[in-house]
Each structure stands twice: as structure tokens, then as C-alpha cells.
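Quick notes on the structure that follows.
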Amino acid sequence: MSSIRTKGFLSSCLVFAASLWAHDEHELFFGVEDKGGVNLNAIGHEGFRMKVQSSEDGVEWLDFGSIDPLSGFNHQRLSELEANVPNLFRLIYPKISPYVGAYEMIGTVQFDGEVGAAQVALSGEREIASNGLPNHATGVFPNSQNPNRISSQDFNFSFPLFPSKNSSPTYYNVPQAFGITREGVILDPFANEYYQNNRQSGWQLAALVHDLGFDDASAHVQPDGTYHYHGVPKDLITTDLSPELIGFAGDGFPIYGPFGYSDPLDSASEVVELASSWQLRSGARSSGPGGFYDGTYVEDYEFIQGSGDLDECNGRFGVTHEYPSGTYYYVVINEWPYMGRCFWGDIAESFERSGGPPPR
Numbered sequence: 019m020s021s022i023r024t025k026g027f028l029s030s031c032l033v034f035a036a037s038l039w040a041h042d043e044h045e046l047f048f049g050v051e052d053k054g055g056v057n058l059n060a061i062g063h064e065g066f067r068m069k070v071q072s073s074e075d076g077v078e079w080l081d082f083g084s085i086d087p088l089s090g091f092n093h094q095r096l097s098e099l100e101a102n103v104p105n106l107f108r109l110i111y112p113k114i115s116p117y118v119g120a121y122e123m124i125g126t127v128q129f130d131g132e133v134g135a136a137q138v139a140l141s142g143e144r145e146i147a148s149n150g151l152p153n154h155a156t157g158v159f160p161n162s163q164n165p166n167r168i169s170s171q172d173f174n175f176s177f178p179l180f181p182s183k184n185s186s187p188t189y190y191n192v193p194q195a196f197g198i199t200r201e202g203v204i205l206d207p208f209a210n211e212y213y214q215n216n217r218q219s220g221w222q223l224a225a226l227v228h229d230l231g232f233d234d235a236s237a238h239v240q241p242d243g244t245y246h247y248h249g250v251p252k253d254l255i256t257t258d259l260s261p262e263l264i265g266f267a268g269d270g271f272p273i274y275g276p277f278g279y280s281d282p283l284d285s286a287s288e289v290v291e292l293a294s295s296w297q298l299r300s301g302a303r304s305s306g307p308g309g310f311y312d313g314t315y316v317e318d319y320e321f322i323q324g325s326g327d328l329d330e331c332n333g334r335f336g337v338t339h340e341y342p343s344g345t346y347y348y349v350v351i352n353e354w355p356y357m358g359r360c361f362w363g364d365i366a367e368s369f370e371r372s373g374g375p376p377p378r
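Counting from 1 along the sequence shown, just add 18 to a position and that's the residue number in this note's numbering.
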């Protein structure tokens, strides 16, 4: 296992933020309300609290507001500013955690006393480089049910720091993975195993139900040597007293362990083990292997909205230590479906996988 020091942590995974022009846009609208004041309307990224600052000289900056983290919209009347005095404005993201980072708007916007609007782009990428090796002991590989040997990888992924949710989710399957842990190990819930070994059968085996050589961390090894988790990476779960960040999904949204606040927007509420809204179907299978729905196959489950704490991609919007103003996040749990089987955001190009050795 290789170790790389980043921001005071020793890890096999390097996580850092780079200021790049990319996905998100933030708009600042300025308008003169009367001679003695200015209206500022700012539309920011949902889930992050942005501080709004102003300066007359670009050196000394004064705070006079922040953007509402839930609605992403904030209206400020800047009565201390005179309409005919040029001013500079900027947006500041506070530093929240080593994983979330600190982000500042690139450039400033100058108000010239005329009614108008200005649009400023702010974005960035979370770069993750890893050898794919865990920082904990693994099971013995190869073994009788998994003939593959763990080997070092060369992962280099780039995820958006501020991912956006689409109007509908995108489902995925092998060989696409779900995400990567903060230690740099792949999260991948699917197995390349099917009824009668026929991928066209329409019946895919549910991985953890079957003996595919998993170790105590619900992990095993792909044919190319990639060690990967199919369920909760137990060695990364250190507390049941709060949501715990364990990694990032392929679309850039964070991934947390199985515990969360009973009220997702209240960090003072009780911490509970979160439940999926995917439920075992009732009755018997009408095709393929026949027999009753018993969880043997992926298709034995159906999504019933509101039957659990999480949505169809096994996530929700809520507050966490890293995102005190709230964010959408996925949850890895101890029951089916274990982790998200769809993405709400666009899969990062560097993480998208359509070829290569099939996962198992």
C-alpha cells in the first residue's frame, strides 16, 4: 500500500481541490433601488452557504450577507453603498472539511451604478489519485470462490466539486462502478453473474447473497486485480453517532455510511440506521428461474417510494458535519440495495466505464 500525505492525513488516496472553470454557474444581479442603496440578488449552489463580500479597492473586503443554503437564493439590500460609487463583489465558500475543501470565486464583479446584471462562473474538480489498495487487512485472495489476486491499480479520477441533480436518475450496471472511498477503494454493488450464466436472461444474481469469495469487509477482487466493496466498508465506519463520510460517487455527490439524523435537516435529532425504500416483491417470479421472490436476484426487489428513509438511488438531502448547510448525498447501508444503483448527476467522464474486464 502506498501512502500519500495530504492536508495532514496519511492515506492511500490523494484528494485535493483545483480551481477550474467547469460545471456550476452562480449569478449576481445588481440593481439600483434608490439613490442611497443597491439591491443585490445572488443565486448560489444549493446546499452550500456562500458568503457575499464587497470592496471598494479590492484589498479590504467587508461581509454583508450569505446565500440561503436551502433555496440557493438570497436577496440583500446594501443600504451602506451609494449607487454612484463603484464596488467590487465576490463570493466565498467557507472551509468545511479536508474533503470538501475551501473554494473562492475566481475574479470579482464591479458595480458601476447602472441597473444591470453580471454572471460569474465558479466551479472546480475534486481530483482523486489512488493505488486502489485498502488501509486495512483483507481476506485471502485468491480463494476457492474468487480466483483473483489483489494488485495495485493506477486510479486517477476527476469529479465535480459541485455536482447538479438531473430531473431523473441514470441507472447503471457492470462494468460501471458506483464510487470510490476516501481511502481510494472502489465501491461496486453489482456482480457479473446471471441466471444460467446468461446475461440476456433478465435475472442478475444479487452479489452479497451468494458465496463469491467475499471477505469480512464485503469485498473481493475483480479479474484485473481491483479490490472493491459490494457493501458497507466496515473498517471505514468508526461511529454510529453521526453521518460519516466514506467517499464520493461517480457523479461527485458524497457517500455516507449507514447512520444519519432522523430529521435529515436537524443535526440535533436522533441518529438512526437509515433504511432503503427498495422492498422485496411479493409472490412468485413469472419467468426465468421461477419460484418465489426471495432476494436471490436483483430483479426480486422493487422501489416503493416513502417506504424507507432513502430515495431510489439510496440517497437523500440532509445536513452532515462536512455539509452543515445540507447537501444531497448517497448512503451505503447494511441491507439491500447496499448502495446506490443509479446516479442523480452526470457520471464524471474519468469515472465512466464501458469496457475492460467485467466486475465480479
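The beta carbon of each residue, even a glycine, is placed where N, CA and C say it ideally should be. None of these values were measured; they are calculated from a predicted model.
Based on Cα-Cα distance, which residue from R167, G268, F277 and L328 lies nearest to E262? For the purposes of this step, residue 262 is identified with residue 244 of the sequence shown, where counting begins at 1. Comparing Cα positions, the closest option is F277.
Which class does N164 belong to by DSSP, given the choice of helix, strand or coil? In the sequence shown, the residue the question calls residue 164 occupies position 146. N164 falls in the strand class under three-state DSSP.
I need the DSSP call for D258, collapsed to helix, strand or coil. Taking the first residue of the sequence shown as position 1, residue 258 is located at position 240. In the structure shown, D258 sits in coil (DSSP, three-state: anything other than H, G, I, E or B).
Spatial neighbours of G301 within its chain, please: CB distance less than 8 Å, with the 5 preceding and 5 following residues excluded, ordered by chain position. Mapped onto the sequence shown, residue 301 falls at position 283. Taken in chain order, the residues that qualify are F310 and Y311.
Three-state secondary structure (DSSP) of H44: Within the sequence shown, the letter at position 26 stands for residue 44. Unreliable placement is indicated for H44, whose pLDDT of 42 sits below 50; no coordinate value is reported for it.
Applying the 10 Å Cβ sphere with the 16-neighbour rule, what's the burial state of R167? For the purposes of this step, residue 167 is identified with residue 149 of the sequence shown, where counting begins at 1. R167 should be labelled exposed.
Compute the beta-carbon to beta-carbon distance between I6 and G197, rounded to the nearest angstrom, for a pair I have assumed lies under 8 Å. The structure shown does not extend to residue 6, since the chain is modelled only from 19 through 378, so no value can be given for it.
Look at Y245 and R359 and say whether their C-beta atoms are less than 8 Å apart. Numbered from 1 along the sequence shown, position 227 holds the residue referred to as residue 245. Numbered from 1 along the sequence shown, position 341 holds the residue referred to as residue 359. The Cβ atoms of Y245 and R359 lie no closer than 8 Å to each other.
DSSP three-state label for R217, please. By 1-based counting over the sequence shown, the position of residue 217 is 199. Under the three-state reduction of DSSP output, R217 falls in the helix class.
Any chance the stretch 287 to 301 sits against the stretch 191 to 210, with 3 or more Cβ pairs inside 8 Å? Result no; under three Cβ-Cβ pairs closer than 8 Å.
Do you know offhand how far G349's Cα is from E78's? Reading the sequence shown from its first residue, position 331 is the one you call residue 349. Reading the sequence shown from its first residue, position 60 is the one you call residue 78. Looking at the sequence provided, one finds Val at residue 349 rather than Gly. Straight-line measurement puts the Cα of E78 at about 42 Å from the Cα of V349.
For S73 and F208, I'd like the C-alpha separation in whole angstroms. Numbered from 1 along the sequence shown, position 55 holds the residue referred to as residue 73. Numbered from 1 along the sequence shown, position 190 holds the residue referred to as residue 208. The alpha-carbon atoms of S73 and F208 are separated by roughly 53 Å.
Are R299 and D329 close, meaning C-beta to C-beta below 8 Å? Position 281 of the sequence shown, counting from 1, holds the residue named residue 299. Position 311 of the sequence shown, counting from 1, holds the residue named residue 329. Contact flag unset, no.
For V349, the three-state DSSP class (helix, strand or coil): Your numbering for residue 349 matches position 331 in the sequence shown. DSSP places V349 in strand when its eight states are reduced to three.
By Cβ distance, which residues of its chain are closer than 6 Å to E211, with the 5 residues on each side in sequence left out? Taking the sequence shown and counting its residues from 1, the one referred to as residue 211 is at position 193. Excluding positions up to five away in sequence, the list reads L223.
Quick test of the definition: if touching needs 3 or more C-beta pairs under 8 Å, does the stretch 155 to 169 touch the stretch 178 to 186? No, the stretch 155 to 169 is not in contact with the stretch 178 to 186.
Going residue by residue through the stretch 174 to 261, where are the continuous beta strand (DSSP E) segments of at least 3 residues, counting only ones entirely within it? Here the runs fully enclosed are 197 to 199, 237 to 239 and 245 to 247.
Just checking my contact of V239 with N191 at CB under 8 Å: how many whole Å lie between their CB atoms? For this step, residue 239 is matched to residue 221 along the sequence shown. For this step, residue 191 is matched to residue 173 along the sequence shown. That pair is no contact at about 19 Å.
Beta-carbon spacing of G344, V337 below 8 Å: Numbered from 1 along the sequence shown, position 326 holds the residue referred to as residue 344. Numbered from 1 along the sequence shown, position 319 holds the residue referred to as residue 337. Their beta carbons are under 8 Å apart, which means G344 touches V337 by this criterion.
Got a sec? Which residues, its chain only, sit under 6 Å from P282 by beta carbon, not counting five neighbours each side? For the purposes of this step, residue 282 is taken as the residue at position 264 of the sequence shown. Counting only residues of its own chain and dropping the five nearest sequence neighbours on each side, P282 has a CB closer than 6 Å to the CB of R334 and G336.
Contact defined as beta carbons within less than 8 Å: I believe L205 pairs with G243. What is the distance between those atoms, to the nearest angstrom? What you label residue 205 is simply residue 187 of the sequence shown in a count that begins at 1. What you label residue 243 is simply residue 225 of the sequence shown in a count that begins at 1. Contact flag wrong, Cβ pair sits at about 17 Å.
Three-state secondary structure (DSSP) of I124: Looking up residue 124 in the sequence shown gives position 106. For I124, the predicted structure reports a pLDDT of 35, less than 50, and the residue's modelled location is therefore unreliable. The matter cannot be settled from this model.
Does any C-beta atom of chain C lie closer than 8 Å to the C-beta of L223? Within the model displayed, chain C is absent; a lone protein chain is all it includes.
DSSP three-state label for E320, please. Position 302 of the sequence shown holds residue 320. Here E320 carries a strand assignment [DSSP, helix/strand/coil].
Beta-carbon proximity check, L254 vs V289, cutoff 8 Å: Locating residue 254 in the sequence shown gives position 236, where the first residue counts as 1. Locating residue 289 in the sequence shown gives position 271, where the first residue counts as 1. No; because the gap between Cβ atoms is not below 8 Å, this pair is not in contact.
Relative to the alpha-carbon of F159, which residue among P241, P178, R371 and E370 has its alpha-carbon at the smallest distance? Here residue 159 refers to the residue found at position 141 when the sequence shown is read from its first residue. When each option's Cα is compared against that of F159, the closest is P241.
Same chain, Cβ closer than 8 Å to A366, neighbours up to 5 away in sequence not counted: The residue given as residue 366 occupies position 348 in the sequence shown. Closer than 8 Å at Cβ, skipping near neighbours: F175, S176, F177, P178, G268, D269 and G270.
For the beta strand (DSSP E) that contains E291, what are its first and last residues? For the purposes of this step, residue 291 is identified with residue 273 of the sequence shown, where counting begins at 1. For E291, the uninterrupted beta strand (DSSP E) segment begins and ends at V289 to E291.
Roughly how many angstroms lie between the CA atoms of M357 and G275, to the nearest whole one? Looking up residue 357 in the sequence shown gives position 339. Looking up residue 275 in the sequence shown gives position 257. For the pair M357 and G275, the Cα-to-Cα distance works out to about 10 Å.
In three-state DSSP terms, what is C360? Here the question's residue 360 lines up with position 342 in the sequence shown. Reduced to three states, the DSSP call for C360 is strand.
For Q171 and R371, believed in contact at Cβ under 8 Å, the rounded distance: The sequence position of residue 371 within the sequence shown is 353, counting from 1. The sequence position of residue 171 within the sequence shown is 153, counting from 1. By a beta-carbon distance limit of 8 Å, R371 does not contact Q171. Their separation comes to about 13 Å.
Please report how far the alpha carbon of Q214 lies from the alpha carbon of G306, in whole angstroms. Position 196 of the sequence shown holds residue 214. Position 288 of the sequence shown holds residue 306. Rounded to whole angstroms, Q214 to G306 spans 9 Å at the Cα level.
May I ask you to report which of helix, strand or coil DSSP gives P276? As a position in the sequence shown, residue 276 is number 258, starting the count at 1. Correct three-state label for P276: coil.
With 16 other Cβ atoms within 10 Å as the buried cut-off, status of D379: The structure shown does not extend to residue 379, since the chain is modelled only from 19 to 378, so the question has no answer here.
Going by alpha carbons, who is nearest to Y315 out of E145, G150, D81 and H228? Counting from 1 along the sequence shown, the entry for residue 315 is found at position 297. With distances taken between Cα atoms, Y315 lies closest to H228.
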